[in-house]
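One structure is given here, and the rest of the page talks about it.
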Amino acid sequence: MLRNVSRLALRSNFARQASMGQRFYSVARPDAEKRIAAVLESFDKISNPAAITPTASFAKDLNLDSLDTVEVVVAIEEEFGIEIPDKEADEIKSVNQAVEYILAQPDAK
Numbered sequence: 715m716l717r718n719v720s721r722l723a724l725r726s727n728f729a730r731q732a733s734m735g736q737r738f739y740s741v742a743r744p745d746a747e748k749r750i751a752a753v754l755e756s757f758d759k760i761s762n763p764a765a766i767t768p769t770a771s772f773a774k775d776l777n778l779d780s781l782d783t784v785e786v787v788v789a790i791e792e793e794f795g796i797e798i799p800d801k802e803a804d805e806i807k808s809v810n811q812a813v814e815y816i817l818a819q820p821d822a823k
């Protein structure tokens, strides 16, 4: 429930439109890595941006608690224009896992 409240609070007021005509694979790995790093760098709870590496764990390396991780996942959803189901979001615990998830999503923008 908290995740849904966070998602609603962070979402824009405009509705997303689904493109039925064009279907491309998601973003390239370097772009996904750069954009996820930018999302994390903008997150106030991360005191050491140098700790944001592809292998960084949200909890161990970036010192994020479970609520912070939910907020990061919601921000990643917004960045890539996708919705990550709760069960899958619970498995994203590192930068690399977030990148891999985005790369596997053909709807990621």
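Numbered according to the numbering used here, the sequence shown spans residues 715 to 823.
By construction, the Cβ of each residue, glycine as well, lies at the ideal position given by its N, Cα and C atoms.
query                                                                                                                                                                     : result
Could you say which of Ala773, Glu792 and Asp782 lies nearest to Phe757 if we only look at CA atoms?                                                                      : Asp782
Would DSSP call Ser771 helix, strand or coil?                                                                                                                             : strand
Since Leu754 is in the alpha helix (DSSP H), which residue starts that stretch and which ends it?                                                                         : Arg743 to Glu755
Return the residue from the list Ile766, Phe794 and Leu778 that minimises the CA-CA distance to Lys759.                                                                   : Leu778
In this structure, does DSSP put Ser808 in helix, strand or coil?                                                                                                         : strand
Would you grab the beta carbon distance between Ala822 and Val753 for me? Rounded to a whole angstrom, and I think it's under 8 Å.                                        : Contact flag wrong, Cβ pair sits at about 13 Å.
Should Glu747 go down as buried or exposed, given a rule of 16 or more other Cβ atoms within 10 Å for buried?                                                             : buried
Counting beta carbon pairs with one atom in the stretch 769-778 and one in the stretch 791-805, are three or more of them shorter than 8 Å?                               : no
How is the alpha helix (DSSP H) around Leu781 delimited, first residue to last?                                                                                           : Ser780 to Phe794
Can you list, in chain order, the residues of its chain with a C-beta nearer than 7 Å to that of Ala770? Leave out the 5 residues immediately preceding and following it. : Leu776, Ser808 and Val809
Helix, strand or coil for Glu814, going by three-state DSSP, please let me know.                                                                                          : helix
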